[in-house]
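Residue numbers for the sequence shown follow our numbering, beginning at 43 and rising by one.
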Amino acid sequence: MKITSPKTGSEKPKDSRTKKVIKGAILLLLAVSLFVYRDTLREILAGIRDITWTERIMGLLLAFSGYLLEGLTIFVMMGAVGPRAKVQNGIFIAYVCEFYRLTTLGNGSGIAEIHYLHEKGVEPGSATVLTMIQYIMKRTAIMLLGVAGFAALWHREGTEALCRRYLLFLAAGCLITTVIIALFLCIALSARIASALSWALERLTGKYPSWRMRFEKWEAQIRLLNESGKSILRQKKRMTGTICLQVGKAITFYLIPAVFLYGKTGLTAVECATVMAVAFMLAGVIPAPSGAGALEFVFLLFFSGFTDAETAVPAILLFRFVTWICPAAVGGGLLLARGLRDRFA
Numbered sequence: 043m044k045i046t047s048p049k050t051g052s053e054k055p056k057d058s059r060t061k062k063v064i065k066g067a068i069l070l071l072l073a074v075s076l077f078v079y080r081d082t083l084r085e086i087l088a089g090i091r092d093i094t095w096t097e098r099i100m101g102l103l104l105a106f107s108g109y110l111l112e113g114l115t116i117f118v119m120m121g122a123v124g125p126r127a128k129v130q131n132g133i134f135i136a137y138v139c140e141f142y143r144l145t146t147l148g149n150g151s152g153i154a155e156i157h158y159l160h161e162k163g164v165e166p167g168s169a170t171v172l173t174m175i176q177y178i179m180k181r182t183a184i185m186l187l188g189v190a191g192f193a194a195l196w197h198r199e200g201t202e203a204l205c206r207r208y209l210l211f212l213a214a215g216c217l218i219t220t221v222i223i224a225l226f227l228c229i230a231l232s233a234r235i236a237s238a239l240s241w242a243l244e245r246l247t248g249k250y251p252s253w254r255m256r257f258e259k260w261e262a263q264i265r266l267l268n269e270s271g272k273s274i275l276r277q278k279k280r281m282t283g284t285i286c287l288q289v290g291k292a293i294t295f296y297l298i299p300a301v302f303l304y305g306k307t308g309l310t311a312v313e314c315a316t317v318m319a320v321a322f323m324l325a326g327v328i329p330a331p332s333g334a335g336a337l338e339f340v341f342l343l344f345f346s347g348f349t350d351a352e353t354a355v356p357a358i359l360l361f362r363f364v365t366w367i368c369p370a371a372v373g374g375g376l377l378l379a380r381g382l383r384d385r386f387a
């Protein structure tokens, strides 16, 4: 006679309960983010009414190409630590991270990427290092295109004065990015520097005990970066390919405003992308007045010399729509589809 446990069928597995809790937390985060961003979302959706369906589709195609390149970047990075990487995994992670960027108010995409990299077979420490390296490659691409765009505008009639006005901000942006990259490389490639920084954090922990958890987190990241980053960064072809992919992604994104502005400003599509590259870089260092979005403020500032605000505003709203709302919706759809597949499999 077969003996069955009385718990079988009456008690749900622990992992099933965990999944339900996670799904509930995600839905809660989504509800909170929609409430917090309700005014911004309403403004974006109202603003794109002035944009034709052809322009919307072209913007979506450019954004899709950008996130395809982001997925390829993640795929290439995964290949640095294991042979089991798949392109579709990289694309999935790229879109899902955008969903978490929206639902966590911009703070959770990095954690989400580490989680899903681990889910796809990457050891947690290596996943953390890959995410940090990817961020550095992204910042490098933004700086390279921003500096090139600034140089182009400097020699363009009508924009030289504006460039002179914001030259210090460009220098500050380049300096900050360069310091971050240099510090990152020093930690990854030099055990002595990593040890010195760990020692300094230990001393600071004694002086500022309230910061203990934060210092310990930084120390763990330094240790991980030094242990795993060296072998990854020494894969020169892979790292060069990653930067190229990030540059390509940035270019596709910078072309999105040109979809709406081309023919309305006297600028070519390339010139529109050039102005966007400068605006995107400076948005990280120029303080925006009255709580306005930094990118929106700098975008309108630089395009004001070529068109009026009524023409420029729909362009930046189109950019926000196809690079923020749409990819988050795709990421949420992918998570929902996977949940339904697991439920009915």
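Note that the Cβ used here is the ideal one computed from N, Cα and C, for glycine as well.
Query raised in the report: Thinking C-beta only, is Arg280 closer than 8 Å to Ala122?
Result: The Cβ-Cβ distance between Ala122 and Arg280 falls below 8 Å.
Query raised in the report: Taking Ala88 as the reference, which of Ile358, Pro369, Lys259 has the closest Cα?
Result: Of the candidates Ile358, Pro369, Lys259, the one whose C-alpha sits nearest the C-alpha of Ala88 is Ile358.
Report task. In the DSSP assignment, find the unbroken alpha helix (DSSP H) run with Thr146 in it and report its ends. Result -> In the DSSP assignment, Thr146 falls outside any alpha helix (DSSP H), carrying neither H nor E.
Query raised in the report: Which parts of the segment 89–116 are runs of the alpha helix (DSSP H), unbroken and 4 residues or longer, counting only runs that do not cross its ends?
Result: For the segment 89–116, not a single whole alpha helix (DSSP H) run of length 4 or above is found.
Query raised in the report: Using the C-alpha atoms, what's the distance from Val289 back to Lys272?
Result: Computed Cα separation, rounded: 23 Å.
**Report entry** Glu352 versus Val340: straight-line alpha-carbon distance, rounded
**Finding:** The alpha-carbon atoms of Glu352 and Val340 are separated by roughly 15 Å.
Report task. Check Gln263 in the structure and name its three-state DSSP category. Result -> Here Gln263 sits in helix by DSSP.
Query raised in the report: Which term fits Lys446, buried or exposed, when burial requires 16 or more other beta carbons within 10 angstroms of its beta carbon?
Result: Examination of residue 446 is not possible in this model, given that the chain is present from 43 through 387 alone.
**Report entry** In chain order, each alpha helix (DSSP H) run of at least 4 residues that lies wholly inside the segment 147–186
**Finding:** As far as the segment 147–186 is concerned, its whole alpha helix (DSSP H) runs of at least 4 residues are 151–161.
Requested in this report: Under the assumption that Leu356 contacts Ile156 (Cβ atoms under 8 Å), give the Cβ distance between them as a whole number of angstroms.
Outcome: The residue asked about is misnamed: residue 356 is Pro in this sequence, not Leu. Actually they are not in contact, since the Cβ atoms of Pro356 and Ile156 sit about 36 Å apart, beyond 8 Å.
Query raised in the report: Nearest to Met119 by alpha carbon, out of Ala354, Ser270, Ile328?
Result: The shortest C-alpha separation from Met119 is found at Ser270.
Query raised in the report: Fully enclosed by the segment 224–277, which alpha helix (DSSP H) runs are 4 residues long or longer?
Result: Correct list: 233–249, 254–275.
Report task. Pick helix, strand or coil for Val118, following the three-state DSSP scheme. Result -> In the structure shown, Val118 sits in a helix (DSSP, three-state: H, G or I).
**Report entry** Candidates Leu343, Phe344, Ala325: closest to Ala336 by CA position
**Finding:** Looking at the Cα atoms, Ala325 is the closest of the given residues.
**Report entry** Nearest residue (CA-CA) to Leu114, options Glu199, Lys128, Ala105
**Finding:** The shortest C-alpha separation from Leu114 is found at Lys128.
Report task. Whole angstroms is fine: what's the gap from Ala190's alpha carbon to Val171's? Result -> Approximately 29 Å between the Cα atoms of the pair.
Query raised in the report: Who are the Cβ neighbours of Tyr296 in its own chain at under 6 Å, not counting the five residues just before and after it?
Result: Excluding positions up to five away in sequence, the list reads Ala315, Met318, Ala319.
Query raised in the report: Buried or exposed: which applies to Ser252, given that a residue is buried once 16 or more other Cβ atoms fall within 10 Å of its Cβ?
Result: Using a 10 angstroms sphere on the CB of Ser252, the tally of other CB atoms stays under 16, which defines it as exposed.
Query raised in the report: How about Ala321 and Phe344: do their beta carbons lie closer than 8 Å?
Result: Yes; because the gap between Cβ atoms is below 8 Å, this pair is in contact.
Requested in this report: Keeping to the same chain, check which residues put their C-beta closer than 6 Å to that of Arg256; ignore five residues upstream and five downstream.
Outcome: Taken in chain order, the list of residues that qualify is empty.
Query raised in the report: By a C-beta neighbour count over all protein chains shown, 10 Å radius and 16 as the cutoff for buried, is Ala236 buried or exposed?
Result: Around the Cβ of Ala236, a 10 Å sphere holds 16 or more other Cβ atoms; the residue is buried.
Query - Neighbourhood of Met179 by C-beta distance below 7 Å, restricted to the same chain and skipping five residues each side - result: Around Met179: Thr284, Ile285, Gln288.
Query raised in the report: For the alpha helix (DSSP H) that contains Asp350, what are its first and last residues?
Result: Premise fails: Asp350 is in no alpha helix (DSSP H) and is neither H nor E.
Query raised in the report: Where does the unbroken alpha helix (DSSP H) through Thr316 begin, and where does it stop?
Result: Start and end: 311–324.
Requested in this report: Consult DSSP for Arg126 and reduce its assignment to one of helix, strand or coil.
Outcome: Residue state, collapsed to three classes: coil.
Query raised in the report: If you drop the 5 nearest sequence neighbours on each side, which residues of the same chain put their C-beta closer than 8 Å to that of Gly167?
Result: The answer, listed in chain order, is Leu266, Glu269, Ser270.
Query - Val221 classed as buried or exposed, judged by whether at least 16 other C-beta atoms fall within 10 angstroms - result: With fewer than 16 other Cβ atoms from the protein chains shown falling within 10 Å of its own Cβ, Val221 counts as exposed.
Report task. Just the C-alpha distance for Gly188 and Leu144, rounded to the nearest angstrom, thanks. Result -> The straight-line gap from Cα to Cα measures roughly 25 Å.
Query raised in the report: Should Lys291 go down as buried or exposed, given a rule of 16 or more other Cβ atoms within 10 Å for buried?
Result: Buried, by the Cβ-count rule.
Query - Beta-carbon contacts of Ile133 that lie in its chain and below 7 Å, excluding the five residues immediately before and after - result: Apart from the 5 residues on each side of it in sequence, Ile133 sits with its Cβ closer than 7 Å to the Cβ of Leu110, Gly113 in its chain, given in chain order.
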